[in-house]
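Chemist: I have a structure here, written as structure tokens, and I will follow up with some questions on it.
2 protein chains.
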Amino acid sequence: MAGNLLVGQSGGPTAVINASLAGVVQMALSSSQIAGVYGAVHGLLGVLNEDLVDLRQEGEQTLALLRTTPGAALGTSRLKLKAGHYKRLLDVFQAHDIRYFAYIGGNDSMDTAHQVGRLARDRGYELHVLGIPKTVDNDLAHTDHCPGYGSAARFVATTVRDTGLDSWAGALSTPVKIVEIMGRHAGWLAAAAALAREGIPDGAPHLIYLPEHPITVESFVSDVERAYKRYGYVVVALSEGVRDPSGAFVCTATATQDAFGHRQLGGASAILAQEVRNRLGLKARFEKPDTMQRSSAALASSVDRAEALLVGQAAVHAMLAGASDKMVTLEREPGPAYRCGTGLVELSAVAGVEKLMPAAFLAADGHDVTAAFLEYARPLIGEPLPAVAILRRQPVVRRLPACAAPK
Amino acid sequence: MAGNLLVGQSGGPTAVINASLAGVVQMALSSSQIAGVYGAVHGLLGVLNEDLVDLRQEGEQTLALLRTTPGAALGTSRLKLKAGHYKRLLDVFQAHDIRYFAYIGGNDSMDTAHQVGRLARDRGYELHVLGIPKTVDNDLAHTDHCPGYGSAARFVATTVRDTGLDSWAGALSTPVKIVEIMGRHAGWLAAAAALAREGIPDGAPHLIYLPEHPITVESFVSDVERAYKRYGYVVVALSEGVRDPSGAFVCTATATQDAFGHRQLGGASAILAQEVRNRLGLKARFEKPDTMQRSSAALASSVDRAEALLVGQAAVHAMLAGASDKMVTLEREPGPAYRCGTGLVELSAVAGVEKLMPAAFLAADGHDVTAAFLEYARPLIGEPLPAVAILRRQPVVRRLPACAAPK
Chain A
1 MAGNLLVGQS
11 GGPTAVINAS
21 LAGVVQMALS
31 SSQIAGVYGA
41 VHGLLGVLNE
51 DLVDLRQEGE
61 QTLALLRTTP
71 GAALGTSRLK
81 LKAGHYKRLL
91 DVFQAHDIRY
101 FAYIGGNDSM
111 DTAHQVGRLA
121 RDRGYELHVL
131 GIPKTVDNDL
141 AHTDHCPGYG
151 SAARFVATTV
161 RDTGLDSWAG
171 ALSTPVKIVE
181 IMGRHAGWLA
191 AAAALAREGI
201 PDGAPHLIYL
211 PEHPITVESF
221 VSDVERAYKR
231 YGYVVVALSE
241 GVRDPSGAFV
251 CTATATQDAF
261 GHRQLGGASA
271 ILAQEVRNRL
281 GLKARFEKPD
291 TMQRSSAALA
301 SSVDRAEALL
311 VGQAAVHAML
321 AGASDKMVTL
331 EREPGPAYRC
341 GTGLVELSAV
351 AGVEKLMPAA
361 FLAADGHDVT
371 AAFLEYARPL
381 IGEPLPAVAI
391 LRRQPVVRRL
401 PACAAPK
Chain B
1001 MAGNLLVGQS
1011 GGPTAVINAS
1021 LAGVVQMALS
1031 SSQIAGVYGA
1041 VHGLLGVLNE
1051 DLVDLRQEGE
1061 QTLALLRTTP
1071 GAALGTSRLK
1081 LKAGHYKRLL
1091 DVFQAHDIRY
1101 FAYIGGNDSM
1111 DTAHQVGRLA
1121 RDRGYELHVL
1131 GIPKTVDNDL
1141 AHTDHCPGYG
1151 SAARFVATTV
1161 RDTGLDSWAG
1171 ALSTPVKIVE
1181 IMGRHAGWLA
1191 AAAALAREGI
1201 PDGAPHLIYL
1211 PEHPITVESF
1221 VSDVERAYKR
1231 YGYVVVALSE
1241 GVRDPSGAFV
1251 CTATATQDAF
1261 GHRQLGGASA
1271 ILAQEVRNRL
1281 GLKARFEKPD
1291 TMQRSSAALA
1301 SSVDRAEALL
1311 VGQAAVHAML
1321 AGASDKMVTL
1331 EREPGPAYRC
1341 GTGLVELSAV
1351 AGVEKLMPAA
1361 FLAADGHDVT
1371 AAFLEYARPL
1381 IGEPLPAVAI
1391 LRRQPVVRRL
1401 PACAAPK
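In the order they appear, the protein sequences are chains A and B. According to my numbering, the stretch in the first sequence is residues 1 to 407, in order. According to my numbering, the stretch in the second sequence is residues 1001 to 1407, in order.
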């Protein structure tokens, strides 16, 4: 049916969520069924506040740049729909003759989109609702992977590789480095650090810790000590969501911190770096790039960016073909070369569901990934990481007797 | 005179210190005066341990890749020369007929290089010593800027811009973000965050804090509150070396932390984010990319990389022409277009000297930079940052009466 389209962005931004927005707008502008193309400012909050913008007013150049602009150009919110919102929400849709609603977000947002569709049906108001997946956490069900993940994974793989080379060089000063990686509940992003090793013998990261497998401070420190003896330096990829065996987050659960009331100050990486210093007497630093992981346009994956655009286009295409209450999925085609198309899944099947890493992707001890995971993740980060020089370091024959180690 | 060349890398690596190494090796290999081209493994420590590698054995492809490889391919150390090292050091130089010594490092390393030259003269051993500047801190005297700085500055400007767009989008969830930037004593690198704003009206960073100007927790929190009221969100570029009026580092000096003995856990950014949460009731997060700033090859500055190569070449060129006990400098040519050549300065003039930001580069209140600084720093980061889409966000005319703000 003819009417207007509304698009919104929700939750944490990614490096490519605006590419999905660009895909929606581009496809909507080219459709004769869609008259107005509106954006909700700060997601559902913008709908409730009737705070909508007219995306037809944006110039062609702006829309083109949108594909490579990080952040979320419409603004996001984390508002959860409550009963008190229902009437107002539908009133706004109806007042602006919104017949197509595309919501870009994660599993909470898919739940919200599902509810919007249900409310419209309850009122007998014809509305097509399509969810567009987006999350660096890669934890949406029924899709091979999530737009946003590949770019964050590329950021993680690239920076861990580069900072690992830095660590090797400075091993005599500070041999231990802990890189804290986003992902409160699922280890997908921290696991991507393993891609940093490719082409670098004994390269970083030497240890990987994911929320799927609990750790203790003791086991962590002992792993670090063993890796230090083996490699002479240690780079750890640590998920911010690592937990102790009781299920409590390490960032809030370590005994050392409990007594002082400032437990979350630096996150798990700061706490564990302190434990390494205290227990092993090794200098340790931590890096916490936090939202840089999800917002770096320069380190975005070309594959991820193209797919983010694609799912935006596919959502509008599906709505125009009559679909509703669905989320666009990415479906990897079988075969040696990476190819990915789109599909659709019921919103109810993804709403609020969190997909953890499967056992086949986790090493036996839970603290590393398998070759199967590398196969899965490698194409998602786009072009291979640039090659680096590894010197042969051919020793010059010594001409003097050894002397005592300098102090 | 004929003889062998030894090159070493010292202190913290940068994204382009290997480009300087490549410049040294390339120039040395092409000289008929230089026979062996050796590298000291882990700087001066490698000399003392007679741990040298033969750089003639590295393939052409490796040497080409070296120009874009982060870290420090020979390894570094922070060893300070002591009287007990002198004899051994000269013995190793003499045993391997080292007549040319190129040392790539910061102001401490220039002091070391200066001492090496003096020791050789004392022994009557002919040795040419040249220092090659390298530091992301940009704090070496008598050079317009330091190789390594432009790339770290590009990392800071790019990531602060990108994470600033992320912050704008998510302002309703987490309105305050503090990005902790390297630079213990000088604010050059944190100041470069100001380049993030260019082309983005009211863009991040909204506040900049440098070690050159003291802050109190109270003044900081009140600045953040004012910026929040003005922009609706706040991104702070905070030097890790910010101090309180007594001169103590904020990361160790704030009263809240003193009692607990875990003062350095998260650094200044973690502490100040906690103060924002406690005193303003605003959600605040912090990012601490730490050594990622000095090791990101992908975000390196093309200008910085070319200059790092150039100073390496210039050092060998100068030694072959008879110079010694000098450091290569970068000299900016006057004129509207950026052009930079090299010069030489006495090692004694740069050894141990720390160049802070001049008053002309600091805003009157000390918490921002001037247009003069932007002019200085802009060309150093290479190509302009990629353009981003800024939506016009033309409001759709409201059709309903306003309702109470949703909760």
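Heads up, the beta-carbon is just placed ideally off N, CA and C, and yes, glycines get one too.
Residues in the same chain with beta-carbon distance under 7 Å from Leu1337 (chain B), minus the five sequence neighbours each way, listed in chain order, please.
Modeler: Looking at the sequence shown, residue 1337 (chain B) is not Leu but Ala. Taken in chain order, the list of residues that qualify is empty.
Chemist: In chain order, what residues of the same chain have a beta carbon less than 7 Å from the beta carbon of Arg1285 (chain B), not counting five sequence neighbours either side?
Modeler: For Arg1285 (chain B), where only same-chain residues beyond five positions count, the Cβ hits under 7 Å are Thr1174, Lys1177 and Ala1273.
Chemist: Excluding sequence positions up to five away, which residues of its chain have a Cβ less than 8 Å from the Cβ of Ala363 (chain A)?
Modeler: Here the set comprises Val369 and Thr370.
Chemist: Would you say Thr112 (chain A) lies against chain B (beta-carbon separation less than 8 Å)?
Modeler: No - not a single Cβ of chain B is within 8 Å of the one on Thr112 (chain A).
Chemist: Give me the Cβ distance between Glu354 (chain A) and Ala186 (chain A), rounded to the nearest whole Å; I'm assuming they're in contact under 8 Å.
Modeler: 7 Å
Chemist: Restricting to Cα atoms, I'd like to know which of A:Phe220, A:Lys288, A:Ala318 and A:Arg67 is closest to Ala102 (chain A).
Modeler: A:Ala318
Chemist: Using a cut-off of 7 Å between C-beta atoms, extract the partners of Gly12 (chain A) located in chain B.
Modeler: Gly1170
Chemist: Would you mind telling me which residues of chain A sit closer than 8 Å to His1096 (chain B), beta carbon to beta carbon, in chain order?
Modeler: Val396 and Arg399
Chemist: So, under 8 Å CB-CB, Ser18 (chain A) and Arg67 (chain A) are touching, yes? Tell me the CB distance rounded to an integer number of Å.
Modeler: According to the sequence shown, residue 18 (chain A) is Asn rather than Ser. Right, their Cβ atoms sit about 7 Å apart.
Chemist: Can you grab the Cα-Cα spacing for the pair Asn107 (chain A) / Val116 (chain A), in whole Å?
Modeler: 14 Å
Chemist: Does chain B have any CB closer than 8 Å to the CB of Leu280 (chain A)?
Modeler: No - not a single Cβ of chain B is within 8 Å of the one on Leu280 (chain A).
Chemist: In chain order, what residues of the same chain lie with their CB nearer than 8 Å to the CB of Val311 (chain A), ignoring the 5 residues before and after it?
Modeler: Ser20, Gly23, Ile132, Pro133, Pro147, Val328, Leu330 and Thr342
Chemist: Distance check for Gly1164 (chain B) and Gln1264 (chain B), CA to CA, integer angstroms please.
Modeler: Summary for Gln1264 (chain B): the model assigns pLDDT 48, below 50, so the residue's position carries little reliability; its value from the coordinates is reported in the next sentence. Their Cα atoms are separated by approximately 26 Å.
Chemist: Mind checking who Arg285 (chain A) pairs with in its DSSP beta bridge?
Modeler: A:Lys177
Chemist: Rounded to the nearest angstrom, how far is the Cβ of Leu1309 (chain B) from that of Ala1153 (chain B), given a contact under 8 Å?
Modeler: Contact flag wrong, Cβ pair sits at about 18 Å.
Chemist: Where does Asn4 (chain A) sit, in a helix, a strand or coil, going by DSSP?
Modeler: Reduced to three states, the DSSP call for Asn4 (chain A) is strand.
Chemist: In whole angstroms, what is the alpha-carbon distance linking Tyr1228 (chain B) and Asn49 (chain A)?
Modeler: Rounded to the nearest whole angstrom, the C-alpha separation of Tyr1228 (chain B) and Asn49 (chain A) is 21 Å.
Chemist: Is the beta carbon of Val37 (chain A) less than 8 Å from the beta carbon of Leu65 (chain A)?
Modeler: no
Chemist: Return yes when the Cβ of Gly1366 (chain B) is within less than 8 Å of the Cβ of Gly1150 (chain B), no when it is not.
Modeler: no
Chemist: Are there 16 or more other CB atoms within 10 angstroms of the CB of Gly1261 (chain B), so buried, or fewer, so exposed?
Modeler: With a pLDDT of 42 at Gly1261 (chain B), under the threshold of 50, the modelled position of that residue is not reliable, and no figure is offered here.
Chemist: What's the gap between the Cα of Gln1313 (chain B) and the Cα of Asp304 (chain A)?
Modeler: If you draw a straight line from the Cα of Gln1313 (chain B) to the Cα of Asp304 (chain A), it comes to about 40 Å.
Chemist: Going by DSSP, name the residue or residues bridged to Phe249 (chain A).
Modeler: Bridge partners of Phe249 (chain A): A:Arg243.
Chemist: What separation, rounded to the nearest whole angstrom, lies between the Cα atoms of Lys1080 (chain B) and Leu299 (chain A)?
Modeler: 38 Å
Chemist: State the Cα-Cα distance for the pair Leu52 (chain A) and Gly1199 (chain B), rounded to the nearest angstrom.
Modeler: Answer to the nearest angstrom: the Cα atoms are 25 Å apart.
Chemist: Determine, using beta carbons only, whether Glu1287 (chain B) comes closer than 8 Å to chain A.
Modeler: yes
Chemist: Per DSSP, which one or two residues make a beta bridge with Cys1340 (chain B)?
Modeler: B:Arg1332
Chemist: Using a Cβ-Cβ cutoff of 7 Å, what residues of the segment 370-386 of chain A are near chain B? List them in chain order.
Modeler: Listed in sequence order: Pro386.
Chemist: Give me the subset of the segment 292-312 of chain A whose CB atoms are less than 7 Å from a CB atom of chain B, sorted by chain position.
Modeler: Met292, Arg294, Ser295, Ser296, Ala297, Ala298 and Leu299
Chemist: So Ser77 (chain A) contacts chain B; which residues on that side make the cut at Cβ distance below 8 Å?
Modeler: Leu1172 and Ser1173
Chemist: Kindly list the residues whose CB is nearer than 6 Å to the CB of Asn138 (chain A), restricted to its own chain and excluding five residues on each side of it in sequence; keep chain order.
Modeler: So the qualifying residues of the chain are His145, Cys146, Tyr149 and Trp188.
Chemist: Return the first residue and the last residue of the beta strand (DSSP E) that Ile1034 (chain B) is part of.
Modeler: Where Ile1034 (chain B) is concerned, the enclosing beta strand (DSSP E) stretches over Ile1034 to Ala1040.
Chemist: Taking the alpha-carbon of Val1007 (chain B) as reference, which of B:Arg1339, B:Gly1039 and B:Pro1013 has the nearest alpha-carbon?
Modeler: B:Gly1039
Chemist: Tell me whether Val995 (chain B) is buried or exposed, calling it buried when 16 or more other Cβ atoms sit within 10 Å of its Cβ.
Modeler: A question about residue 995 (chain B) goes unanswered here, because the residues of chain B that appear run from 1001 up to 1407.
Chemist: Kindly list, in the order they appear in chain A, the residues whose Cβ is closer than 7 Å to that of Pro1070 (chain B).
Modeler: Asp162, Leu165 and Asp166
Chemist: Just how far apart, CA to CA, sit Asp1091 (chain B) and Asn1004 (chain B)?
Modeler: Between Asp1091 (chain B) and Asn1004 (chain B), the C-alpha separation is close to 14 Å.
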